[in-house]
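Residue numbers for the sequence shown, in my numbering: 84 to 490.
Beta carbons: idealized from backbone N, C-alpha and C, even for Gly.
Here is the structure we will look at, set down as structure tokens.
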Amino acid sequence: MTAVPREDAPLWLRPWSLDEGADRARGLFAETFEGEPDAVASAPGRLTVIGDHTDYSGGLTLATVTPHRTFVAARRRDDEAIRVVATRGDLVDGPSTRWEGALSALTPGDDGWPSRVAGIVWALAERGYPVTGLDIAVDSCVPLGTGLGSSVALTAAVGRVLDAAWGLALDTEDGAVELAEACFEAESAYVGFPCGRLDPHTALRCEDGEAVLLDFSEVPPQLTRYPLYFHEYGLRLLLIDTGPRREGWRDAYARRSRAAARAAAELGLPSLRELKHDEALARVAALEDTPTRIRARHIVSESMRVRDTVAALSGLGPAHDRFTEIGALMLASHRSLSSDYRVSTPELDLAVDSAFAAGALGARLAGAGFGGCAVALVRTTALDRVAERVDADFTARGYPRPAFLQV
84 MTAVPREDAP LWLRPWSLDE GADRARGLFA ETFEGEPDAV ASAPGRLTVI GDHTDYSGGL
144 TLATVTPHRT FVAARRRDDE AIRVVATRGD LVDGPSTRWE GALSALTPGD DGWPSRVAGI
204 VWALAERGYP VTGLDIAVDS CVPLGTGLGS SVALTAAVGR VLDAAWGLAL DTEDGAVELA
264 EACFEAESAY VGFPCGRLDP HTALRCEDGE AVLLDFSEVP PQLTRYPLYF HEYGLRLLLI
324 DTGPRREGWR DAYARRSRAA ARAAAELGLP SLRELKHDEA LARVAALEDT PTRIRARHIV
384 SESMRVRDTV AALSGLGPAH DRFTEIGALM LASHRSLSSD YRVSTPELDL AVDSAFAAGA
444 LGARLAGAGF GGCAVALVRT TALDRVAERV DADFTARGYP RPAFLQV
């Protein structure tokens, strides 16, 4: 990731171009393993426009991809060895980190960043694809721990490079669905994290310049594409990186996932998505346990906000009114994530409030929460003003200075 600081100015994290990222991965590969890779591939980070913590309850999410990507170079081997090196991006600390394993020794339950690489190899093997040993080099400019899907950017990029190196013919729409499901299995079954399907289906199926509406009531999720034309109306999505997620966030995420399942079970439903739209909030309000009730309230109300955002995005009314409505829905989403789902932090709350006070149409935390990024819908002419105001407010509060990214 290329940081471009200026004295007393906000820190902007610029994405690498596709050529730059690919050259970095090739260079690392040659430096580590000698020779040329068989294939180079990449995958983007994921940005939730609206609709977080809904995927594991069969809900709705509107998401897009970031220009920040993970790049992977790989070469087949004639044995079972898997050798991986990662460097310079936010995946590892220090100049480079190496890991070695073997196909026959891949064991679900491994932890750490190499488990994402091993997991997708394991998942594809479990699905019956012919696998061989590999040499793999990874570089990334997707910031780590920011709620932008750095883990799935790694898993998806490795999946794409394996597809090319092994000749699996997954470079089609159906192949992208297959690969996304394999990435989900790598995270949920191999790593053992109780995630939903949002990240892989966004990273592998969403194109630049569009948003995808994902309906998780089915497996695999239904996907509808919408042009994300904010820039044509002088708007940008501004990302505010407030810092790494809090320690223990994975356990907190898992507790919320269990609360969602518990709420559905108490209502006699397979998932909260089965609630009829006109009675959803009333039925959730009848749940006796407060944590279960407020978690469920966020999930059902968030899917409603996703529907309203899609209607505004694809509507025919005045653009100003539609974008103002989207901004208001983003703010309502953040309040729900903060007060009902309780995954916000003081830094994220400050980023949202400060951006809105500086002229953003709306803002919300992005991703799982517990730290990481907020996203704000901002007029292009106000980008610097909003970033400077957020930066100054963080300094005044004594917080570490945030970094900024554009989508």
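> Nearest to residue 383 by alpha carbon, out of 332, 395, 367 and 371?
Replying inline: Reading the sequence shown from its first residue, position 300 is the one you call residue 383. Ranking the options by Cα distance to residue 383, first place goes to 367.
>> Using only the alpha-carbon positions, how far apart do residue 227 and residue 399 sit?
In response: Reading the sequence shown from its first residue, position 144 is the one you call residue 227. Reading the sequence shown from its first residue, position 316 is the one you call residue 399. In this structure, the straight-line span from the alpha carbon of residue 227 to that of residue 399 is close to 38 Å.
>> Please report the distance separating the alpha-carbon of residue 311 from that of residue 393.
In response: Position 228 of the sequence shown, counting from 1, holds the residue named residue 311. Position 310 of the sequence shown, counting from 1, holds the residue named residue 393. Just so you know, the alpha carbons of residue 311 and residue 393 end up roughly 11 Å apart.
> Is it true that the segment 310 to 328 meets the segment 99 to 111, where meeting means three or more beta-carbon pairs spaced less than 8 Å apart?
Replying inline: Not touching, per the Cβ criterion.
> Can you give the beta carbon distance from residue 356 to residue 134, rounded, assuming they're within the 8 Å contact cut?
Replying inline: Here residue 356 refers to the residue found at position 273 when the sequence shown is read from its first residue. Here residue 134 refers to the residue found at position 51 when the sequence shown is read from its first residue. Going by Cβ atoms, the distance from residue 356 to residue 134 rounds to 12 Å, so no, they are not a contact pair.
>> Per DSSP, what are the beta-bridge partners of residue 445 in this structure?
In response: Your numbering for residue 445 matches position 362 in the sequence shown. Checking the DSSP bridge columns, you'll see residue 445 partnered with 460.
> Tell me which same chain residues have a C-beta within less than 7 Å of the C-beta of residue 176, skipping the five on either side of it?
Replying inline: For the purposes of this step, residue 176 is taken as residue 93 along the sequence shown, with counting starting at 1. Because residue 176 sits at a pLDDT of 45, beneath the cut-off of 50, its placement in the model cannot be relied upon, and the following sentence gives the value as read from the coordinates. Taking residue 176 as the centre and dropping the five residues before and after it, the same chain places no C-beta closer than 7 Å to its C-beta.
> Since residue 457 and residue 440 are thought to touch, with beta carbons under 8 Å apart, how far apart are those beta carbons, to the nearest angstrom?
Replying inline: In the sequence shown, counting from the first residue as 1, residue 457 sits at position 374. In the sequence shown, counting from the first residue as 1, residue 440 sits at position 357. That pair is no contact at about 13 Å.
>> I'd like the ranges of any beta strand (DSSP E) spanning at least 3 consecutive residues and lying wholly in the segment 206 to 278.
In response: With a minimum length of 3 residues, the unbroken runs of beta strand (DSSP E) contained wholly in the segment 206 to 278 fall at 217 to 223.
> Within the chosen definition, does the segment 196 to 203 reach the segment 239 to 249 through at least 3 CB pairs nearer than 8 Å?
Replying inline: Yes, since at least three Cβ pairs between the segment 196 to 203 and the segment 239 to 249 fall closer than 8 Å, the two stretches touch.
> Among 143, 372 and 155, which residue has its Cα nearest to the Cα of residue 104?
Replying inline: By 1-based counting over the sequence shown, the position of residue 104 is 21. Looking at the Cα atoms, 155 is the closest of the given residues.
> Considering residue 148, what are the terminal residues of the alpha helix (DSSP H) in which it resides?
Replying inline: Counted from its first residue, the sequence shown places residue 148 at position 65. Per DSSP, residue 148 belongs to no alpha helix (DSSP H); it is in the beta strand (DSSP E), 143 to 159.
>> Using DSSP's beta-bridge definition, name the partner residues of residue 486.
In response: Walking along the sequence shown from the start, residue 486 turns up at place 403. Answer by DSSP bridge pairing, in chain order: 94 and 324.
>> Our contact map puts residue 454 next to residue 332 with C-beta atoms below 8 Å; I'd like the distance itself, whole angstroms only.
In response: Here residue 454 corresponds to residue number 371 of the sequence shown, with the count starting at 1. Here residue 332 corresponds to residue number 249 of the sequence shown, with the count starting at 1. A Cβ-Cβ separation of about 7 Å places residue 454 in contact with residue 332 under the 8 Å criterion.
> Sorted by chain position, which residues of the same chain lie with C-beta nearer than 6 Å to residue 351's C-beta, five sequence neighbours on each side aside?
Replying inline: Start at 1 with the first residue of the sequence shown, and residue 351 comes out as number 268. Closer than 6 Å at the Cβ level, and outside the excluded window around residue 351, lies no residue.
> For residue 120, does the three-state DSSP call read helix, strand or coil?
Replying inline: As a working mapping, residue 120 is identified with position 37 in the sequence shown. Residue 120: coil per DSSP, three-state reduction.
> Roughly how many angstroms lie between the CA atoms of residue 147 and residue 470, to the nearest whole one?
Replying inline: Taking the first residue of the sequence shown as position 1, residue 147 is located at position 64. Taking the first residue of the sequence shown as position 1, residue 470 is located at position 387. Roughly 22 Å separates the two Cα atoms.
> Is residue 125 helix, strand or coil when you go by DSSP?
Replying inline: Counting from one through the sequence shown, the residue named residue 125 turns up at place 42. Residue state, collapsed to three classes: strand.
>> On the DSSP letters alone, give me the boundaries of the alpha helix (DSSP H) that residue 438 sits inside.
In response: Counting from 1 along the sequence shown, the entry for residue 438 is found at position 355. Counting along the chain, the alpha helix (DSSP H) containing residue 438 begins and ends at 429 to 440.
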